Structures are given as structure tokens and as C-alpha cells.
Amino acid sequence: MSTVAPGGGALAAPETLLNEDRDDGRNRLQVLRRLASNPLSLAGMVVLALFVIMAVAAPLIAPDDPTAFNGAAKFTAPGASHLLGTDDAGRDILSRIIYGSRYSLTAAVGILAFAATAGTAVGLVAGYVGGWVDEVLMRVTDMFLAFPALVLAMAAAAALGPSLFNAVVATAIVWWPWYARLVRGQVLQLKNEPFVAAARVAGARPGRIILRHVLRNCTTPIIVQMSLDVGYAILTMASLSFVGLGAQPPTPEWGSMISVGRDFYLNQWWYATFPGLAIFLVVMAANLVGDGLQEALAPRRAL
Amino acid sequence: MLRLLKRRLIAFPIVLFGMSLMTFALTHLVPGDPARLLAGPHASAAQVAELRHQYGFDQSLPAQYATYMGDLAHGDLGMSITTRRPVTEDIAQFFPATIELTVAALLLVALIGLPLGLAAGLLKGRMPDHLIRLLSISAVSMPVFWLGIVLQIIFYEKLAILPASGRIGELSIPPAHVTGFYVLDSLFAGDFAAFGSALAHLVLPAFTLAAGSLAVITRMTRASVVETSEADHLRAARAKGLSNGLVIRRHVVRNALLPVTTVFGLQVGTLLAGSILTEVVFSWPGIGLYAVNAISNLDYTAIMGVTLLISAIYLAVNLVTDLLYLLLDPRIADAQEAMA
Numbered sequence: 003m004s005t006v007a008p009g010g011g012a013l014a015a016p017e018t019l020l021n022e023d024r025d026d027g028r029n030r031l032q033v034l035r036r037l038a039s040n041p042l043s044l045a046g047m048v049v050l051a052l053f054v055i056m057a058v059a060a061p062l063i064a065p066d067d068p069t070a071f072n073g074a075a076k077f078t079a080p081g082a083s084h085l086l087g088t089d090d091a092g093r094d095i096l097s098r099i100i101y102g103s104r105y106s107l108t109a110a111v112g113i114l115a116f117a118a119t120a121g122t123a124v125g126l127v128a129g130y131v132g133g134w135v136d137e138v139l140m141r142v143t144d145m146f147l148a149f150p151a152l153v154l155a156m157a158a159a160a161a162l163g164p165s166l167f168n169a170v171v172a173t174a175i176v177w178w179p180w181y182a183r184l185v186r187g188q189v190l191q192l193k194n195e196p197f198v199a200a201a202r203v204a205g206a207r208p209g210r211i212i213l214r215h216v217l218r219n220c221t222t223p224i225i226v227q228m229s230l231d232v233g234y235a236i237l238t239m240a241s242l243s244f245v246g247l248g249a250q251p252p253t254p255e256w257g258s259m260i261s262v263g264r265d266f267y268l269n270q271w272w273y274a275t276f277p278g279l280a281i282f283l284v285v286m287a288a289n290l291v292g293d294g295l296q297e298a299l300a301p302r303r304a305l
Numbered sequence: 044m045l046r047l048l049k050r051r052l053i054a055f056p057i058v059l060f061g062m063s064l065m066t067f068a069l070t071h072l073v074p075g076d077p078a079r080l081l082a083g084p085h086a087s088a089a090q091v092a093e094l095r096h097q098y099g100f101d102q103s104l105p106a107q108y109a110t111y112m113g114d115l116a117h118g119d120l121g122m123s124i125t126t127r128r129p130v131t132e133d134i135a136q137f138f139p140a141t142i143e144l145t146v147a148a149l150l151l152v153a154l155i156g157l158p159l160g161l162a163a164g165l166l167k168g169r170m171p172d173h174l175i176r177l178l179s180i181s182a183v184s185m186p187v188f189w190l191g192i193v194l195q196i197i198f199y200e201k202l203a204i205l206p207a208s209g210r211i212g213e214l215s216i217p218p219a220h221v222t223g224f225y226v227l228d229s230l231f232a233g234d235f236a237a238f239g240s241a242l243a244h245l246v247l248p249a250f251t252l253a254a255g256s257l258a259v260i261t262r263m264t265r266a267s268v269v270e271t272s273e274a275d276h277l278r279a280a281r282a283k284g285l286s287n288g289l290v291i292r293r294h295v296v297r298n299a300l301l302p303v304t305t306v307f308g309l310q311v312g313t314l315l316a317g318s319i320l321t322e323v324v325f326s327w328p329g330i331g332l333y334a335v336n337a338i339s340n341l342d343y344t345a346i347m348g349v350t351l352l353i354s355a356i357y358l359a360v361n362l363v364t365d366l367l368y369l370l371l372d373p374r375i376a377d378a379q380e381a382m383a
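Residue numbers (this note's numbering), protein chains in the order written: chain A, 3 to 305; chain B, 44 to 383.
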């Protein structure tokens, strides 16, 4: 780093030439094609896409108001009037599941965005700066990883107070260390690559090197990790809601619907079953896509 | 290898200390007022202040932490404001149920996961392999608590062949405390009716808890078997005319199970965390159910106690697993040492 001199911007052109590891459009298309050629991943992508459409267009698709109380229709079994039945307040379960996809998907995106951003920042700094900064940051990371994830998430969510937003924050708190570790490992490898050394010699500032050369080449592993984590993020959110730490009951969130529906499983089996089925489907779809993406991008690492 | 061992052993108490600090910080940065909660809605301000003083909530955070650590050194985790008993007493009462459930789940994981993984690995690319893969992806994609509820609906409500909640039937008397495991204690007492009831009550929760880890172990075993079967010394063994069965028994199984056995350690954390959700579904009176009740009562001392206990066990099991791994496979130690 002592070789860094001001005014590196003027030498940008040769750096770009040396930056050979970058994804280009053709590469990305290839990955997509490889992903689609695996029937399980393709099925996963289709199901995932359906859930996204469901979340975006919920008011257009849902046959009923997800929160309106309707005492007369209480506990209707699945049938022609209500495809998936109604709950203890006469609300249409299908409509609640459709609206529920909004909470689950947004929460998962929120968790991963937060965790990946924070983790990447820590990992970049630790890996690039090295020395005692690296040592301290990694020991803190280890501390977080030493807890069973769900237990720490529960403790954090309990401390923050029960709400959907707090549950997202609590889960992200548990999750960022994985990204920090992943990115740090990548940075350590990249740091000694010829094109990074060349940029340094050419006089690029550390910030520019980190963002342009190091971070850009970390994106693939980060994306693979995120795609593998989507399902677990949804499961964790649902688990927190189930024990009363996430979305609160009138909200049509899947985990909290199961939490309430559980009390009625003896006579109204559909109440807890269908929201869980939705979680199962979306998580399985996400896992299939994640597996496929990992296989398409890093075939050697896949089991 | 010795250096690595020493590093791990030194790190253990440091991480444990860090854990206590983190748990403490988490449970004390909360906006709620535990003294007010403890005093109840009709208490006067003076009564609340009195309680706050009695439980030490009026001291500074570092002072509270120092007191907490001092007590912890004496094996005192503080008073639960829900049960109004020492948390250690609560844990001593509820923990055996959790261990019984976790051990039962671990047994299921080993007894079902290893053979399934072996079968899938040996039949790689054939129908059973695909089926097992689909099953294991399904199992890790399911919310634990939902699987529990679905099993309750099928086996209790519809088929009526298994009980849905609790540890033992209402007609049976819980056996005298020996191990704290109802299944074992009832046998020691010679009460076979109680034994049958305890075992029946264990089936659904144990399977529910095991499902996720079962899938992980199955996939690990499969991968390990596939990798082992492609090794050169196996081709040599086949070439010199050993029967297929002998090759599998003597070479594949032995070599493939080595890395898998060590993965079990990592699953203990997953199982302990999962037991919280499973216990809620099946009203299983363990520390998971206790923790969830504590959460809804903002009972920090109890939450902190359970979090610390589970995390410390997780940490210890991981340490033992790492050490076992080093002992069983010296190549790993060399590789890690080279990286460090």
C-alpha cells in the first residue's frame, strides 16, 4: 500500500484491460442457460417467480380481504367458496397466504441485503487492511458464529421487542458474519492477483482498488451465498413469528398464522397446514435455485 | 498439530467470556422495565423502586455485569421473574427432558441418515438416489414446527395411533428420577406401561426434530461415499478380485464414515436450537418451552441463562468435534496449520 500515489484516475484504462476475471454479459447468459437446463432448478425458478408475482399483484389475485372479520364464515372447510378454508375470524386463508408472501419475501430480501452489505464491508476491510484490524474484526466475527444461529436470533429479537422489523434486524445481526468471512477469504486471494498488484503499482487509491477490482470479483460468491441463504432466511423469519417474536397475529404472515392455527389443529387441519405448505414450497424452490446456481457457477464445489 | 490444539483450547474460555458479554448486552439494552413487569400492574412507584433495587436493576450496566459474572462463578444464574425460582433450579428441572429429546433425535439421525446416505451413494444416479435427494431437500425446506403440526394431525388426530403432546400419558405416573430420561427411568422402575407411554410420546417430537439434520447427514454421507468409491485404491481392490460386498464393507464404509461422524457434532447445535420450536409444538416440558415462556414474560435472567447454556454446550461439542477430527485425520491438521 505504500506504493499508492494520488492521481491514479488517469491510468484507469490499463487497469481495465488487466481486470480479466470480470463477468460479462455473455458469461451471465451462459450461467442462466446452464441453470435452466437442470429440470429441478428450472422448477424452482418457476415456483419462485410465481411467488414473486403473487406478492406484487396480491390485491389483484386474492379473492378476499385478508384481514376483514367475517363471523358467519368462521372455520369454513376448504371448498368451492373458500379454496383453502377460513380461519377463526372467518378470513379467507388463501387470500391471507397470498398477502403473506409479501411479508416473507420482503423480510428475506431485507435480511440478506442488510447481512450481505454489513458482512461485505467488514470482510473487505479485514482482508484488505490486514494486521490487527483483521485480527479484531475476525475475532468479533467468530464470537457471533459461536452461537447456534436460531438461539442468538431469538435472544436478539426478544431484546429488541416483538415486531416484524425487529425480527428482520435480529436475523441480520446473526447472519452478517458469514458474509464477512466469505468476503475476507476472497479478498485475501485477490489481493495477490497480478491485476490488483498492477493497479496498485499504477497508483490507484486503495478505495478504488477495493471497489473496482476486489469487490467486483467477489460478487459471484456473494450472490451464490445469498441464493443459498434465501430459504433459510424465510425459515428463520417464520420460526421467529411462530414463537411470537415476529409479525403479530392479525398480520397475514405465514409463521404467525401457523402459530395461531396450531391451537385449532384438532378440528381445523387446514388452518395451520396451508400457510406451512406455502413456506415449504417457496423455501424448497429457493433451495433448488440456490443449489443449481452453485453448480452452474462453481461446478467443482457442488456435492 | 499440537499448536493448533493449544490455540483451540485457549480460545475456548475467551469465546465463552465473549458470549456471556454479548448475551448480557443483548438482554440489558432493552427498552422494557423488568421491575415494573415484576411488580404487576397495581404496584406503587415505591414498590417498583424497591424491586428495582432488590434485583439490582438500579445499578450501572458494568456493575450489573460484574455482579452477574460473580454469581455465575458460583453457579448462580440469577432469579427468574416468571417462576420466582433460581434459573439454575429451573434448568435442572427442565433440561433432562430436552436432553432426552435431543439424544433420541440424534439416534434417529444416525440410524436412518447413515444407511440412506450409503444407499444413495452406492446407487448414484439411479432412481433411489434421486428419491433420497428429493426427500432430503424437502426435509431441509420444511419449518420444523410445521412438520410437527402435520405429524400431529396425521398420527394423532386422523390415525389416532400416537400421542400428540407431553412426555407421558395421564394414566401413567412419571417414574422416579434417576437419569431424568422418562424412557430409561421407567425401565429402571420396572414399569413397562410407563415405558411404553414414554416411548410413544417421544416418537413424534424426536422425528420432527431429527428431520432437518437427517437430511444433512444423508447428503454428507452420500457425497462422502461417492468420493470414496472413486478413489484409486478401490479400483485396485476391485481389480485384484475382491467381491463387491467386501469392497463396500471394508473400504467404502470405513473411509466414507470418518468425515461424516464428525459432522454430527455440528448437528448438536442445530438440534438444540430446533428443540425450542419442537418443544413448543409438542408441549414438551424442556428448556425450549421454558425459554419461550420466558421470552413472552420479558424474563431476561431466564432468557440469558438458557441462551448461555445452549451456546456453551454448542461450543464445547464443537471443540470436541474439532479435536476428534484432528485425531482421526491428521491430514486436516496439517492443512489447517499450513493455512493459519
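Glycine included, C-beta positions come from ideal geometry on N, C-alpha and C. No experiment lies behind these values; they were computed from the predicted model shown.
### Query
Of the choices A:241, A:105, A:289 and A:253, whose alpha-carbon is the least far from that of residue 317 of chain B?
Taking the first residue of the second sequence as position 1, residue 317 of chain B is located at position 274. Nearest option by C-alpha distance: A:241.
### Message
Please list, in chain order, the residues of the stretch 153-165 of chain A that have any C-beta partner in chain E closer than 8 Å.
### Response
Annotation note: the requested chain E is absent from the structure, which comprises protein chains A and B.
### Query
For residue 269 of chain A, is the classification buried or exposed, using 16 other Cβ atoms within 10 angstroms of its Cβ as the cut-off for buried?
The residue labelled residue 269 of chain A in the question sits at position 267 within the first sequence. Flag for residue 269 of chain A reads exposed.
### Task
Could you run through the stretch 299-326 of chain B and flag, in chain order, every residue whose CB is less than 8 Å away from some CB of chain A?
312, 313, 315, 316, 317, 319, 320, 323 and 324
### Task
Take residue 281 of chain A and list the residues in its own chain whose beta-carbon comes closer than 6 Å to its own, dropping the five residues that flank it on each side.
Taking the first sequence and counting its residues from 1, one reaches residue 281 of chain A at position 279. 240 and 256, listed in sequence order.
### Message
Residues in the same chain with beta-carbon distance under 6 Å from residue 147 of chain A, minus the five sequence neighbours each way, listed in chain order, please.
### Response
Taking the first sequence and counting its residues from 1, the one referred to as residue 147 of chain A is at position 145. Once the five neighbours on either side are set aside, the close Cβ partners of residue 147 of chain A are 179.
### Message
Does residue 185 of chain B come out as helix, strand or coil in the three-state DSSP assignment?
### Response
Here residue 185 of chain B corresponds to residue number 142 of the second sequence, with the count starting at 1. Residue 185 of chain B: coil per DSSP, three-state reduction.
### Query
In this structure, what does DSSP give as the bridge partners for residue 252 of chain A?
The residue given as residue 252 of chain A occupies position 250 in the first sequence. BP columns for residue 252 of chain A are empty, so no partner.
#### Entry: DSSP beta-bridge partners of residue 94 of chain A
Position 92 of the first sequence, counting from 1, holds the residue named residue 94 of chain A. Residue 94 of chain A is bridged to A:88.
### Message
Could you tell me the alpha carbon to alpha carbon distance between residue 182 of chain B and residue 254 of chain B, rounded to whole angstroms?
### Response
One-based indexing of the second sequence puts residue 182 of chain B at position 139. One-based indexing of the second sequence puts residue 254 of chain B at position 211. When the Cα atoms are used, residue 182 of chain B and residue 254 of chain B turn out to be separated by approximately 6 Å.
### Query
Roughly how many whole angstroms lie between the Cα atoms of residue 25 of chain A and residue 222 of chain A?
Locating residue 25 of chain A in the first sequence gives position 23, counting from the first residue. Locating residue 222 of chain A in the first sequence gives position 220, counting from the first residue. Because the pLDDT of residue 25 of chain A is 49, which lies under 50, any placement of that residue in the model is unreliable, and the question is left without a value.
### Task
Starting from residue 150 of chain A, find everything on chain B with Cβ-Cβ shorter than 8 Å and list it in chain order.
To locate residue 150 of chain A, count along the first sequence from 1; it is residue 148. Residues of chain B passing the Cβ test: 312, 313, 315, 316, 353, 354 and 357.
### Query
Out of curiosity, what's the CA-to-CA distance linking residue 201 of chain B and residue 140 of chain A?
Start at 1 with the first residue of the second sequence, and residue 201 of chain B comes out as number 158. Start at 1 with the first residue of the first sequence, and residue 140 of chain A comes out as number 138. Rounded to the nearest angstrom, the gap between the Cα atoms of residue 201 of chain B and residue 140 of chain A is 52 Å.
### Query
How should residue 171 of chain B be labelled, buried or exposed, when 16 other C-beta atoms within 10 angstroms of its C-beta is the threshold for buried?
Residue mapping note: residue 171 of chain B aligns to position 128 of the second sequence, counting from 1. Exposed: under 16 other Cβ atoms inside 10 Å.
### Task
Under 6 Å Cβ to Cβ from residue 302 of chain B, same chain only, skipping five residues before and after it: list those, please.
Here residue 302 of chain B refers to the residue found at position 259 when the second sequence is read from its first residue. 267.
### Query
Relative to the C-alpha of residue 106 of chain B, which residue among B:117, B:71 and B:87 is closest?
Position 63 of the second sequence, counting from 1, holds the residue named residue 106 of chain B. Residue B:71 is the option with its Cα nearest to residue 106 of chain B.
### Message
For residue 222 of chain B, report the span of its alpha helix (DSSP H) as first-last.
### Response
By 1-based counting over the second sequence, the position of residue 222 of chain B is 179. Residue 222 of chain B -> no alpha helix (DSSP H), and no H or E assigned at all.
### Task
Could you work out which residues of chain A lie near residue 65 of chain B, taking near to mean beta carbons separated by less than 7 Å?
For this step, residue 65 of chain B is matched to residue 22 along the second sequence. Within chain A, the C-beta atoms nearer than 7 Å to that of residue 65 of chain B come from 145, in chain order.
#### Entry: Residues in the stretch 260-281 of chain A having any Cβ partner in chain B nearer than 9 Å
260, 261, 263, 264, 267, 268, 269, 271, 274, 275, 277, 278, 279 and 281
#### Entry: Proximal chain A residues relative to residue 181 of chain B, where beta-carbon distance stays under 7 Å
Counting from one through the second sequence, the residue named residue 181 of chain B turns up at place 138. Those are 286, listed as they occur along chain A.
### Message
Going by C-alpha to C-alpha distance, which of A:231, A:244 and A:196 sits closest to residue 165 of chain A?
### Response
The count along the first sequence starts at 1 and reaches residue 165 of chain A at position 163. Closest in C-alpha terms to residue 165 of chain A, from the list A:231, A:244 and A:196, comes A:244.
### Where residue 111 of chain A meets chain B, residues with beta-carbon distance less than 8 Å
Locating residue 111 of chain A in the first sequence gives position 109, where the first residue counts as 1. Going along chain B, no residue has its Cβ under 8 Å from residue 111 of chain A, so there is no contact; the nearest lies around 18 Å.
### Task
Any chance you could list the alpha helix (DSSP H) runs of at least 4 consecutive residues sitting entirely within the stretch 145-186 of chain A, in chain order?
As far as the stretch 145-186 of chain A is concerned, its whole alpha helix (DSSP H) runs of at least 4 residues are 151-162.
### Message
Run through chain B and tell me which residues come within less than 8 Å of residue 289 of chain A, C-beta to C-beta.
### Response
On the first sequence, position 287 is the one that residue 289 of chain A refers to. Within chain B, the residues near residue 289 of chain A are 180, 183 and 184.
### Query
On the three-state DSSP scale, how would you describe residue 129 of chain B?
As a position in the second sequence, residue 129 of chain B is number 86, starting the count at 1. It is a strand residue.
### Query
Within the 9 Å Cβ cut-off, does residue 293 of chain A reach chain B?
Reading the first sequence from its first residue, position 291 is the one you call residue 293 of chain A. Closer than 9 Å to some Cβ of chain B, the Cβ of residue 293 of chain A qualifies, so yes.
### Query
By the criterion of Cβ-Cβ separation under 8 Å, what are the contact partners of residue 245 of chain A in chain B?
Sequence index remark: in the first sequence, residue 245 of chain A carries index 243 (1-based). Simply 319, 320, 323, 335 and 338.
### Message
Could you check whether the Cβ of residue 233 of chain A sits closer than 9 Å to any Cβ belonging to chain B?
### Response
Position 231 of the first sequence holds residue 233 of chain A. Chain B, which has a Cβ nearer than 9 Å to the Cβ of residue 233 of chain A, makes this yes.
### Closer than 9 Å at the beta carbon, the chain B residues around residue 43 of chain A
To locate residue 43 of chain A, count along the first sequence from 1; it is residue 41. What residue 43 of chain A touches in chain B: nothing, since even the nearest Cβ is about 11 Å away.
### Query
In the DSSP assignment, what are the bridge partners of residue 122 of chain B?
The sequence position of residue 122 of chain B within the second sequence is 79, counting from 1. Residue 122 of chain B is bridged to B:129.
### Query
Does the separation of the CB atoms of residue 344 of chain B and residue 120 of chain B fall below 9 Å?
Residue 344 of chain B sits at position 301 when you count from the first residue of the second sequence. Residue 120 of chain B sits at position 77 when you count from the first residue of the second sequence. Yes, the Cβ-Cβ distance between residue 344 of chain B and residue 120 of chain B is below 9 Å.
### Message
Counting beta carbon pairs with one atom in the stretch 205-222 of chain A and one in the stretch 149-166 of chain A, are three or more of them shorter than 8 Å?
### Response
no
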